[in-house]
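Each step along the sequence shown adds one to the number in our numbering, with nothing skipped, and position 164 is 164. No residue lacks a Cβ here, since even glycine has one placed at the ideal position from N, Cα and C.
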Amino acid sequence: MHWPAYLLAMDAADLVPIAVAVLIPLLGSWMIALKLYGKVDDDWYKKLAKPAFTPPPWTFSVVWTVLYLFMGYASFLVWRDGNGFHGAAKTALIAYGIQLVLNWAWMPMFFGLRNRSLAAIEVFLLAIAVGATTVLFNRINSLAFQLFIPYALWTSFATYLNFSIWYMNRTGEKKIRKRKAT
């Protein structure tokens, strides 16, 4: 059996930083999901008009978990190869932090506030931030770049999906706003 070179080159001292880097996106998303658990009206989401290409609900948790693992490990590689937060990695890691906050903000906007318009704008900004982070990661570590490609693709898809859901349900959102105003 042949182990990939990046696994063979791993130092035992890297295990804690890898674990921290991987746990940050996972724990952040899980905490938000737990905070919203019970507040998310599944019937509301089920009743929304959605395009035919909408994946089944279980897909999202599986895909996001894998992407968070990739993101975390990619951030570790950039941190390690870019000499931490004070070296060449500084700008890339700031971009990573920005996109991570944007990533975490989407679920409360869409499910918590049920504001499809705000969520559509937010996910568009997220896609831009993910694209910038992907480019910046490539300047420091090619594997980090490769690990971010699926995330960039999924975020692009999520942006298209979010805008499609917004468009298909835009009259309903106006009615809700009018009811709240009166």
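Problem - Any alpha helix (DSSP H) of 4 or more consecutive residues that is wholly inside the stretch 61-109 - result: Note on the stretch 61-109: whole alpha helix (DSSP H) runs with a minimum of 4 residues are 90-107, in chain order.
Practice task
Please report how far the alpha carbon of Leu36 lies from the alpha carbon of Ala13, in whole angstroms.
Solution key: To locate residue 36, count along the sequence shown from 1; it is residue 36. To locate residue 13, count along the sequence shown from 1; it is residue 13. In a straight line, the C-alpha of Leu36 is about 36 Å away from that of Ala13.
Practice task
Note down the Cα distance separating Leu126 from Ala120, rounded to an integer number of angstroms.
Solution key: If you number the sequence shown from 1, residue 126 lands on position 126. If you number the sequence shown from 1, residue 120 lands on position 120. Rounded to the nearest whole angstrom, the C-alpha separation of Leu126 and Ala120 is 10 Å.
Exercise for the section: Closer than 6 Å by C-beta to Trp79: which residues in its own chain qualify, once you throw out the five before and the five after it? Chain order, please. Expected result: Translated into positions along the sequence shown, residue 79 becomes position 79. Its chain contains Ala89 as the residues whose beta carbon lies nearer than 6 Å to that of Trp79, once the 5 sequence neighbours on both sides are disregarded; these appear in chain order.
Exercise for the section: Mind checking which residues open and close the alpha helix (DSSP H) that includes Arg116? Expected result: In the sequence shown, the residue the question calls residue 116 occupies position 116. DSSP places Arg116 inside the alpha helix (DSSP H), whose first and last residues are Arg116 to Asn138.
Problem - Through-space distance from Tyr68 to Pro25, alpha-carbon basis - result: Within the sequence shown, residue 25 is the residue found at index 25, counting from 1. Within the sequence shown, residue 68 is the residue found at index 68, counting from 1. Distance from the CA atom of Pro25 to the CA atom of Tyr68, rounded to whole angstroms, is 6 Å.
Practice task
Please list, in chain order, all residues of the same chain as Asn141 whose beta carbon is under 7 Å from its beta carbon, the five residues on each side excluded.
Solution key: The count along the sequence shown starts at 1 and reaches residue 141 at position 141. These residues qualify, in order along the chain: Leu77, Val78 and Asp81.
Handout entry: Member of Phe110, Gly28 and Ala21 whose CA lies at the smallest distance from the CA of Trp104
Key = Position 104 of the sequence shown holds residue 104. For the residues Phe110, Gly28 and Ala21, the minimum Cα distance to Trp104 belongs to Gly28.
Exercise for the section: For Ala189, collect the residues of the same chain with a Cβ closer than 7 Å to its Cβ; drop the 5 residues on either side in sequence, then sort them by chain order. Expected result: The question about residue 189 has no answer, for the chain in this structure spans 1 to 182.
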